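Counting from 15, one number per residue, gives the positions in the sequence shown under the numbering used here.
Quick reminder that beta carbons are idealized off the backbone N, C-alpha and C, glycines included.
Quantities reported herein were computed from a predicted structural model and do not represent experimental measurements.
Remarks on the structure that follows.
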Amino acid sequence: MKSNEVWKTGVVYQIYPRSFMDSNQDGIGDLKGIIQRLDYVQSLGVDMIWLSPVYQSPNDDNGYDISDYCAIHPDFGTMEDMEQLIEEARKRNMKIIMDLVINHTSDEHRWFVESQKSEDNPYRDYYIWQKKPNNWTSFFSGSAWDRIGDWYYLHLFSKKQPDLNWKNPRVMEEIQSIMHFWLKKGIYGFRCDVINILFKTSLANGKKRLVLTGKEHYHSQEGCHHILKKLRTDVLNQYDCFTVGETVMVTPKQANDLILPERQELDMVFAFEHMETDQINNKWFKTRFSANRFMKVIKTWQEEVHWNANYLENHDQPRSVSRFGNDQTYHPESAKMLLSILLTLKGTPFVYQGQEIGMTNGDFKSIDAFKDVETHRIVALAKKLHFPKWYIWHMLKTASRDHARTPMQWTKEGGFTEGTPWIQMNANKATINVDNQLNDPHSIVCYFKTLVQLRKDYAALTKGTFRALKTQNNVFVFERKHQDESIIVVANMSAKPRRFNPLVTGKILLSNTNRNDLTNGILKPYEAIIVLGESL
Ligand code: ISL
Ligand code: CA
15 MKSNEVWKTG VVYQIYPRSF MDSNQDGIGD LKGIIQRLDY VQSLGVDMIW LSPVYQSPND
75 DNGYDISDYC AIHPDFGTME DMEQLIEEAR KRNMKIIMDL VINHTSDEHR WFVESQKSED
135 NPYRDYYIWQ KKPNNWTSFF SGSAWDRIGD WYYLHLFSKK QPDLNWKNPR VMEEIQSIMH
195 FWLKKGIYGF RCDVINILFK TSLANGKKRL VLTGKEHYHS QEGCHHILKK LRTDVLNQYD
255 CFTVGETVMV TPKQANDLIL PERQELDMVF AFEHMETDQI NNKWFKTRFS ANRFMKVIKT
315 WQEEVHWNAN YLENHDQPRS VSRFGNDQTY HPESAKMLLS ILLTLKGTPF VYQGQEIGMT
375 NGDFKSIDAF KDVETHRIVA LAKKLHFPKW YIWHMLKTAS RDHARTPMQW TKEGGFTEGT
435 PWIQMNANKA TINVDNQLND PHSIVCYFKT LVQLRKDYAA LTKGTFRALK TQNNVFVFER
495 KHQDESIIVV ANMSAKPRRF NPLVTGKILL SNTNRNDLTN GILKPYEAII VLGESL
């Protein structure tokens, strides 16, 4: 909306505050820690920071269970620290966006504490109560209902995350005032958590499914579009800001229905389809990554969706280099190749902390080392279903959200805290860390900075059209074009050498193998080349 639309040309860097930088040695990352590292973030060249929740919360789901939207969790600091962060970021030409988690609150939120007191409590209808539960299942497995006294309440996530009742106009008013509160503090918008499931059209039983029984009653409902329009016209349009929705299970058509400018709802959404190219049915059943499937999905979304929020990692996803690349033999090559694609696709790139140094999945050695509520729920379910132990371990090692949540690797000793980190650091901090990489011009982080700079130098990368030239045989070639400027990106998404066709001509702007000519048509494993094309 409005102004110079940094959200369309800039790069977003996601910070998971708990795991970024600890300033007071209690083992938990905090706002002062982020401020200490702001110069580093600025040096990357990014324009926006998305901060995962720092609100007051009992931390059942690491802050995605909010008990006070207008207070900062003491683990992270104070409201003054938050204001200082916004200001320090502003001084460095960076904007802050915050998480807006409005599908549910914490069960310790004042509204829910009141709501459960009696049927005639003024807060009763802030949530969804029934005498009898229906058959819906939760995102974290098991029933989506829990009982308090004679009544059941709906929670699509953990039982400490009761769903708000968006049919109640008072909920709309409350959330609007929270949004004003933060936008007035100078934030640049919101990442809207599971925003396409807010509105529950009916509470009838759902069609039985392997996962998410009931979803047809709340997924992408008309009522949700009304809510989003209202938030946009009543609140967001008064500020220079933007929104990115986290939209589970959306199709390109549903995405467009949420973001087309004339619809006045969201500005862009995070889709999930490309993240499903290494799994069967469900994220817990990982299979070999299919680059061919991945490229086809990306091509479809690039061609069909008005504006994409591009990402390969976030706090819910295993690390991209471990998943879509090769974190052993081709660690730097594949990390750089993936970043090359991410930063050159059409849309706004979102980079997750540590991705710029190629952080890998965690090296967890026991189930206890995992902290995530979802991970522990799935272990309980898998045990109940008598899954073999080795398979449960395989599920955790490949799919747990905690792989993204190990602390940022600043130095070979760690550099995140001098205390005991709330979740273990990866031992490979000894070699994969910011310090090492800043001193090495060939490092992943230096390559990343060059990519960010290329986006500033070549309008084709930010404003250009997208055209896929090859999406087969593990080789991705696409063109971005703006007026006379054409940029061609070539990526080998596999560990085998590959031929590349069509023949690309032009000037090499960047390559992860120090290639200096295009005459050799064989791509090395995970090779990426960015070429300023002589129009094809
Ligand atoms: O973790 C997932 C995929 O790996 C999803 O099922 C995830 O729960 C879903 O994408 C919703 O995520 C968001 O809302 C959750 C919270 O736990 C996640 O951290 C957040 O990103 C509930 O607020
Ligand atoms: Ca701390």
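| query | Is Arg415 near ligand 1, going by C-beta to nearest heavy atom under 7 Å? | reply | yes
| message | At a threshold of 7 Å, does Ile458 count as lining ligand 2 (C-beta to nearest heavy atom)? | response | no
| field | Close-in-space but distant-in-sequence residues of the same chain around Asn179 (CB under 7 Å, 5 per side omitted) | value | Asp139, Tyr140, Tyr141, Ile142, Val185
| Separation of Met112 from Met193, as counted between CA atoms | 10 Å
| said: For the structure I just gave you, are there three or more beta carbon pairs, one from the segment 361-377 and one from the segment 414-426, closer than 8 Å? | reply: yes
| request: Whole angstroms is fine: what's the gap from Ile502's alpha carbon to Met351's? | output: 14 Å
| query | Comparing the CB of Asn38 with every heavy atom of ligand 2, is any distance shorter than 7 Å? | reply | yes
| field | According to DSSP, residues forming a beta bridge with Met112 | value | Leu65, Phe204
| In terms of DSSP beta bridges, what is Met282 paired with? | Val258
| message | Does the contact criterion of 3 or more C-beta pairs under 8 Å hold for the segment 309-325 versus the segment 485-494? | response | yes
| said: Please report the distance separating the alpha-carbon of Ile110 from that of Tyr30. | reply: 13 Å
| request: Can you check DSSP and say which residues form a bridge with Tyr325? | output: Phe364
| task | Pick out whichever of Gly59, Leu65, Ala542, Pro183 has its Cα sitting closest to the Cα of Val115. | result | Leu65
| request: Tell me whether the beta-carbon of Ala505 lies closer than 8 Å to the beta-carbon of Ile355. | output: yes
| field | Sub-8 Å separation of Gln331 and Asn322 beta-carbons | value | no
| Mind checking whether Ile42 and Leu99 have CB atoms under 8 Å apart? | no
| field | Nearest neighbour of Leu272, chosen from Lys300, Ile211, Ser216 [CA to CA] | value | Ile211
| Arg494 versus Pro67 - alpha carbon distance | 35 Å
| Delimiting residues of the alpha helix (DSSP H) encompassing Thr412 | 403-413
| field | Sequence-distant residues of the same chain with beta carbon closer than 6 Å to Asp341, five excluded per side | value | Val335, Thr374
| message | Can you tell me whether Phe577 sits near ligand 1, meaning its C-beta is under 7 Å from at least one heavy atom of the ligand? | response | Since the first residue of the chain shown is 15 and the last is 550, residue 577 is not available in this structure.
| Gln331 beta carbon near ligand 1 (any heavy atom closer than 7 Å) | yes
| task | Flag Gly428 as yes when its Cβ comes closer than 7 Å to any non-hydrogen atom of ligand 2, and as no otherwise. | result | no
| message | Measuring only the C-alpha atoms, how far is Leu523 from Thr358? | response | 12 Å
| query | When every heavy atom of ligand 1 is checked, does at least one fall within less than 7 Å of the C-beta of Tyr232? | reply | no
| query | Alpha carbon to alpha carbon, how far is Val264 from His288? | reply | 11 Å
| request: Figure out for me which residue from Arg161, Ile201, Lys244, Lys198 has the closest Cα to the Cα of Glu187. | output: Lys244
| Thinking C-beta only, is Leu537 closer than 8 Å to Pro511? | yes
| Near Gln570, which residues of its chain fall below 6 Å by C-beta distance, leaving aside the five closest residues on each side in sequence? | Since the displayed the chain opens at 15 and closes at 550, residue 570 lies outside it and no answer follows.
| task | Could you tell me if Asp75 is buried or exposed, where buried requires 16 or more neighbouring beta carbons within 10 angstroms of its beta carbon? | result | buried
| Thinking C-beta only, is Val393 closer than 8 Å to Trp424? | no
| query | Along the chain, where does the alpha helix (DSSP H) that runs through Trp165 open and close? | reply | Segment 165-168 is the beta strand (DSSP E) holding Trp165; no alpha helix (DSSP H) there.
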